[in-house]
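Numbers 1 to 1121, taken from the UniProt record's numbering, label the letters of the sequence shown in order. Okay, structure first, notes after.
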Amino acid sequence: MELRGAEALEKVNDAYGGIEGLCSLLKTDSNNGIPNDKAELEKRRSVFGRNEIPPAPSKSFLRLAWEAIQDITLIILLVSAIVSLGLSFYRPPEGVETGGNDSGEHEAGWIEGCAILVAVIVVVLVTALNDWSKEKQFRGLQSKIETEHKFSVIRGGEALDIVVNELVVGDIARVKYGDLLPADGILIQSNDLKIDESSLTGESDLIRKSPETDPVLLSGTHAMEGSGRMLITAVGVNSQTGIIMTLLGATKGDNNKSSPNSVAPEAHANGGISVTGVDVHDKKHPVEQAEDDGKVPKSVLQGKLSALAIQIGYIGFVVSGATVIILIVRHCITHYAIRHEGFKTSDIAYFVNFIIVGVTVLVIAVPEGLPLAITLALTYSVKKMMKDNNLVRHLDACETMGNATAICSDKTGTLTTNRMTAVQSYINEKFYKDVPPKYDQLEKKTRELIVNGITINSGYSSQVLEPEQQGGQRRQLGNKTECALLGFVLDLGQSYADIRKENPEESLFKVYTFNSVRKSMMTVIHRAGGGFRVYAKGASEIILARCSFILGADGKVQHFTKTEQEAMTRDVIEPMASDGLRTIGLAYKDYIPNGTNIEINEISFEKDVDWENEEAVRMGMTAIAVIGIQDPVRPEVPAAIEKCQRAGITVRMVTGDNINTARSIATSCGILKPGGDFLALEGKEFNERIRDSNGKVSQAKLDAIWPRLRVLARAQPSDKYVLVKGIIDSKTSKNREVVAVTGDGTNDAPALKKADVGFAMGIAGTDVAKEASDIILTDDNFTSIVKAVMWGRNVYDSIAKFLQFQLTVNVVAVTIAFIGACAINDSPLRAVQMLWVNLIMDTLASLALATEMPTDDLLNRKPYGRTKSLISRTMVKNIVGHALFQLAILFAVLFWGDKFIPGVENGRWAPLNSPPSKHFTIIFNAFVLMTLMNEINSRKIHGERNVFKGLFTNPIFCVIWILTLISQVLIVQFGGAWVSTAPLDAIQWGFCVVCAFGTLVWGQIIATIPSSILPKFFSFGRGEVQPTSILVTGEYEHVDALGKGLAREEQQRPGQILWLLGLTRLQTQMRVIRAFQSTTYSSHPSSLTTSTADRLRASYRRLQVAREREEQKSAFVHCVR
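And the structure:
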């Protein structure tokens, strides 16, 4: 496939005997394709390969465990535990003072070291298991995305839609407008097919393809106009996309070692470019650097969590460092300064223990649970959203949708059923409004023009099939508007299939396919008796504006003046549009050879007609009829739009239909309300209002319109983009608007990319639109967007619930460890106990709180907004309130528990390696039980009183909570020296349980305190997210940030970079998210169909760079010689 244009055509003709010869060699039929036989297909796959690029192998569980243990805090704990373990076996010489420890204490010394080792192993295994399960889920999601992409082929004479990775060499594929080509091939038949090859060449001009001039079609390119049929000649790693992926090492991960199945790159590179001896991964080259820049995540939540993680990390680092210093200084002063004791080898055990305490405080303080909570909330939501017909391509879109303030929606298929039926018509000056016309009643020439014009001037892939069950509706395949017109032909008692047999697709002289610019479709055929006939169909106003004649009463040709056009618009089109109908105009034009008698509406020509002069071809036509097509509003849409409006989301309709149709449908949906101060504009008027004298968009003028705009009719894709960009860039509202957009056409891609969340139609959407989107609506239904809003808000709330819970535990655990170190030279919570608390509040709590199901209550409030505090005043009130309650109880038990709790002896100032005391066990047990009860309180973050509402609808929460409680009972009663606990009796357990239930009662007391009395600075994460080089993923936004040098703000805060990069556990737990995001942003390596234009263009540039450097190297060598 290294040849193009005339060279490629010459190669095909000379080497293979033309296209038919190539078909013969590949044992395929250019009309009927290959047999649809499983054995035949497998044989071709074994010979020519599969249409997929093998993905990099997933990491093994052991590899994930190894990565999890790279966390610096865990490494310090491991080293400390090993030292502690070693010291426990150390025996001082006879007669040396050992600090008063008896032999029993010495024997138990090894247990704590072993327990810490076991706890670290548990944490590592749990982390690795989480990563492994999430990666498995993500790969499942990615395979789901890939199976959504299908392509039309002809096998055994039948048209089939198959998943792209099932394509084989020899298939006859049907290419249509908007397709992303999944394999390389040779064009067999073309209807004005134009391809966008910018993804490979960087050239923005569309390339016209035809079997006579340039028949080569390459994978990864887009069909932007026309249609055609192609013979697939290369798939998988042998296709153009596959070759580039192979050059970049996509099939082999990080190494580029050749395998038996690998493709030799120098044999297949573009234009025969040799890259031998050149490292295409050389990161020093500026082009390479620019190309590697990934898409910066748009997530508001991720940015706020990043800032919060940094702040909490700093606080934890300071507190843990202070804890260690205080413990060491106090020990030194007490033993060496006051008691005048000398340094003993056994003192090392104390210092190691102090470090262990400090590191465990750090483990508690560092918010490694944040990324895990995000992972769980997003993956759980994404998985559930698939059942709600939302296929999420970009994870952050799920959360962003919760902040949406505006939705710009298409009409057809999204708000309406997309099941179109022709219900009204205007033919030969007669308006058939209630009763459809009969074929015999129509004038002979007119009815033939209608039937032939509709049948021939439609995509041959559009079909209307008879219902499978008697009394059912006809099945519509392909373009729904064309299906409605074909249904009209069937209603007239005629067979469009017979007409198509007489006029096969190959016999069509030229086809001007429909696109958003033309707003019409034209087909040119040879006319019986010589000459040509042009059939046209499209939006009625546009078709009538091109007509100079009309078929009047009895089929007589009449002049069609501007006055008559205005009258027809007023008397026919507007009444149809007011009934909510889409109006389609039909017209024709005859070209007659010179010297033949011609009618007034016929055009004579001498030599050839200039078919490239589209303006001349489409003007001077003769109007045949106007058809009114009904596309009823989906019955569930009005209620869904009402939910959006109640939730503070403005719904706008952006459609290509005329203003009256759009206004009627918008009123039916509830977008427009009688008496409301709203605007409904056509695209032309919209542009006149928002542009200045130079024709440029004025943001000030746009700001005066968009708040009231509800309907934009006769809109071009560029109008949609301008509207979306204008709303996003506007400064008129208090918070920056968050805009969601739906789109199905190729030209909707810019608007879909610009929007905060782009929704592509899974059924009617083109591949290009799906590529540009964040979420694919698999049912094309507006109600699915409302469900996405609910899930988005639910994600935000889930993270907030976890934050409220974790920060309460953080404050209590860190405070009691710090105060304990200052007051009694020891932490009341042992290292193993704190690791258990850490496991509860990180892994288990995030799993429990991140799996709440959304409810309709989420739609009863306004969007949070981009500047809303991440931790609200209500959350701060709950965190501080519960922390004070827990600390009051724990300090009371610590300092006076031995006085008021029966059977408790003073555990303060116990020497190192002392047996576990009931005193400190009660502190640990009460803390964990109160934490578990507070987990229930944390389910509500908006001041709700009933914290049990919906509790039993979340079985995951219930199971985890009960298992944690059972584990705590077992740990306390049977943990012994391993977890530094002593068994408690019934009274002591009763005290702990009362404290736990007191947390629920205290929560009700806190709920009575209005949050409004707290000052506004009692909230965190307020304001617009500031750019930072560090995200909660623990990575740089740009892979070349270090190579290029950090931005000024990044240079001012190197501590942040060093801090979060050091805490590699944050990175480990988010590794899978990064993998998923990178693949969905820049395409999944195993798919040939999701290669974005940017990535392939970057790849092509790399090859160009390689060639230039090779040439420079050769030139240099030549000069030296």
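Idealized CB from N, CA, C, for every residue including glycine. All values reported here derive from a predicted model rather than from experimental measurement.
Go through its chain and collect everything with a Cβ distance to Val795's Cβ below 7 Å, but skip five positions before and after it. Excluding residues within five positions, the ones whose Cβ falls inside 7 Å are Ala377, Leu378, Ser381, Cys398, Glu399 and Gly402.
In angstroms with no decimal places, state the Cα-to-Cα distance between Asp779 and Ala764. 9 Å
Please state the DSSP three-state secondary structure of Ser846. The answer is helix: DSSP assigns Ser846 an H, G or I state.
Can Asp631 and Thr412 be called in contact, C-beta distance under 8 Å? Between Asp631 and Thr412, the gap from beta carbon to beta carbon is short of 8 Å.
Status (buried if at least 16 other CB within 10 Å, exposed otherwise) for Trp896: An exposed status is given to Trp896, since fewer than 16 other beta-carbon atoms sit within 10 Å of its beta-carbon.
So, with DSSP's three-state summary, where would you put Met621? Strand at Met621.
Look at the Cβ atom of Asn453, then the Cβ atom of Asn479, and state whether they are nearer than 8 Å. Checking the displayed sequence, the identity of residue 453 turns out to be Gly instead of Asn. No, the Cβ-Cβ distance between Gly453 and Asn479 is not below 8 Å.
Tell whether a beta-carbon distance below 8 Å holds between Cys669 and Pro638. yes
For His526, which beta-bridge partners are listed by DSSP? Phe532
Restricting to Cα atoms, I'd like to know which of Ala8, Pro635, Ala662 and Leu835 is closest to Thr417. Pro635
Does the Cβ of Pro955 have 16 or more other Cβ atoms within 10 Å, making it buried, or fewer, making it exposed? exposed
Would you report the Cα separation of Phe948 and Ser578, rounded to the nearest angstrom? Taking the straight line from one Cα to the other gives about 51 Å.
Pick from Val47, Lys519, Leu492 and Ile326: whose alpha carbon is nearest that of Val423? Leu492
So, Asp859 versus Ala647, is the Cβ gap smaller than 8 Å? Residue 859 is actually Leu in this sequence, not Asp. Yes, the pair counts as a contact, with Cβ atoms nearer than the cut-off.
Given that a residue counts as buried once 16 or more other Cβ atoms are within 10 Å of its Cβ, and exposed if not, what is Ala497? Burial state of Ala497 is exposed, judged by a 10 Å Cβ sphere holding fewer than 16 other Cβ atoms.
Could you work out which residue in Ser784, Met761 and Asn781 is closest to Ser773 when comparing CA atoms only? Met761
Could you check which residue in Leu477, Gly552 and Ala307 has the C-alpha nearest to that of Glu466? Of the listed residues, the one whose Cα sits closest to Glu466 is Leu477.
I'd like to confirm the pairing. Which residues does DSSP put opposite Phe431 in its beta bridges? In the DSSP output, where bridge partners are listed per residue, Phe431 has Tyr426.
Taking Cβ to Cβ, would you say Ala755 is nearer than 8 Å to Val711? no
Spatial distance of Thr1089 from Met245 (CA atoms): Only weak support exists for where Thr1089 lies, its pLDDT of 42 falling under 50; the value from the coordinates is given anyway. Looking at the two C-alpha atoms, the distance is approximately 12 Å.
Leaving out five residues before and five after Gln1052 in sequence, what residues of the same chain have Cβ atoms less than 6 Å from its Cβ? Low local confidence applies: a pLDDT of 37 at Gln1052 is under 50, so the model's placement there is unreliable, and no value is given.
Count the CB pairs spanning the stretch 853–870 and the stretch 883–893 that are closer than 8 Å, and state whether there are at least three. no
Can you tell which of Thr953, Val904 and Phe927 has the C-alpha that lies nearest to the C-alpha of Ala986? Minimum Cα distance to Ala986 is reached at Val904.
Apart from the five residues on each side of it in sequence, which residues of its chain come closer than 8 Å, Cβ to Cβ, to Ile499? Val451, Asn452, Thr455 and Ile456
Relative to the C-alpha of Arg330, which candidate in Tyr350, Phe317, Asn13 and Gly313 has its C-alpha closest? Tyr350
Looking only at C-alpha atoms, which of Val757, Cys822 and Ile816 sits nearest to Gly792? Residue Val757 is the option with its Cα nearest to Gly792.
Got a sec, what are the start and stop residues for the alpha helix (DSSP H) Ala337 sits in? Run containing Ala337: none; DSSP gives neither H nor E here.
Does the pairing of the stretch 57–72 with the stretch 123–131 give three or more beta-carbon distances under 8 Å? The stretch 57–72, when compared against the stretch 123–131, does touch it at the 8 Å Cβ threshold.
Could you check where the beta strand (DSSP E) with Tyr588 kicks off and where it finishes? That run of the beta strand (DSSP E) goes Leu581 to Pro593.
Kindly indicate the opening and closing residues of the beta strand (DSSP E) around Phe891. Not the beta strand (DSSP E): Phe891 falls in the alpha helix (DSSP H), residues Arg873 to Phe900.
Here's a check: name, in chain order, each residue in its chain whose Cβ is nearer than 6 Å to the Cβ of Thr650, leaving out the five neighbours to either side. Ala406
Rounded to a whole number of angstroms, what is the C-alpha to C-alpha distance between His237 and Val626? Note that residue 237 corresponds to Val in the displayed sequence, not to His. Spanning the two alpha carbons is a distance of roughly 50 Å.
Look up Glu225 in the DSSP assignment and give the residues it is bridged to. Lys194
Segment limits, alpha helix (DSSP H) that includes Ile1013: Looking at the DSSP string, Ile1013 is not in any alpha helix (DSSP H), and its letter there is neither H nor E.
DSSP three-state assignment for His559, whether helix, strand or coil: Strand.
Have a look at the DSSP bridge pairing and note the partners of Gln630. DSSP links Gln630 through a beta bridge to Thr421 and Leu581.
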